Each structure stands twice: as structure tokens, then as C-alpha cells.
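A.B. asks: Take 1 as the starting number for the sequence shown in the numbering used here and just add one per residue. Where a beta carbon is used, it is the ideal one built from N, C-alpha and C, also for glycine. Owing to the predicted nature of the structure, the values given are computational and were not obtained by experimental measurement.
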Amino acid sequence: RTIARLLVYSASRLSRVSLQHSSTTGFACCEHRRGVPQNIGEAARYYRLAAEQGLADAQFNYGVFCDRGRGLPQNFGEAARYFRLAAEQGHAKAQFNLAVYHAQGKGGLPQNNHEADRLFRLAAEQ
């Protein structure tokens, strides 16, 4: 877990972003950080490595990168996969994003309003 957390720290520094929920778009958005050269591709790689170690924050962040096509080709199916992994660990933002995917039938997921409602509730309860 320590290595995974270091990878997330490095990724956030390289991407110069702070990922957070946006009520206007429904997805995570970014704020630029200063003082570190930006390298989005390397940041995506670090988030993926940390996500593979099972760190929910990294799984969520890598899902956002996949959703947005930041540093890698846009891939909604991969985004859904990583949002699900983080959501299953109780990550509220991942639950929210996965709910949106279910509501829209996005990322290869069938449209399922019942599952979307369940996930929206889980996210809201945190």
C-alpha cells in the first residue's frame, strides 16, 4: 500500500491536477497545480500501477483518466471497470460516476436505472 500511495502522489504531481467531484458535469474535474512539469501520460501510468495494487483513490483517478482520454486513449469500458473496482471499496465519487454510467448505458454497461439509483444512494450516504 505504501508503494501504491507513492505512485498516486507522483501521478498527482506529474498531472498537476487535483481530481474532485463536479456537481455541474457529474464527473471529476481538474484544478492545475504549479511547480511540477506536467506529464499526463506518465501520471496515467502511475495511477494505473497504483490502481492495480488495489488503492481505491488510484482506481477512481485512473477511471477518470480513461473517461476523459487524459494521457491515454479514451476508453469508457476501462473507465467503468476501474470505477467499479473503487466503488466496491466504498469510494463515493466512483459510486457516483458508475451510477452515471449505468443511467446512460455507457462503457459497455447496460442501461440500468435500478442499479444507478442504488449507487447514487450509496454515494450520497457518505
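Let's see if you can read the secondary structure: which residues bound the alpha helix (DSSP H) around Gln104?
C.D. replies: Ala92 to Gln104
A.B. asks: Can you give the Cα-Cα distance for Asn97 and Ala80, rounded to whole angstroms?
C.D. replies: 8 Å
A.B. asks: Please report the distance separating the alpha-carbon of Leu109 from that of Asp67.
C.D. replies: 14 Å
A.B. asks: Just reading off the alpha helix (DSSP H) that Gly41 is part of, what are its end residues?
C.D. replies: Ile40 to Glu52
A.B. asks: So, using beta-carbon positions, are Gln59 and Ala86 closer together than 8 Å?
C.D. replies: yes
A.B. asks: Could you give the residue range of the alpha helix (DSSP H) that holds Gly77?
C.D. replies: Phe76 to Ala87
A.B. asks: Using the Cα positions of Leu72 and Gly105, report the straight-line distance between them to the nearest angstrom.
C.D. replies: 22 Å
A.B. asks: Taking the alpha carbon of Gly90 as the point to measure from, which residue in Ile40, Ala123 and Glu78 has its own alpha carbon closest?
C.D. replies: For the options Ile40, Ala123 and Glu78, the alpha carbon positioned closest to that of Gly90 is the one of Ala123.
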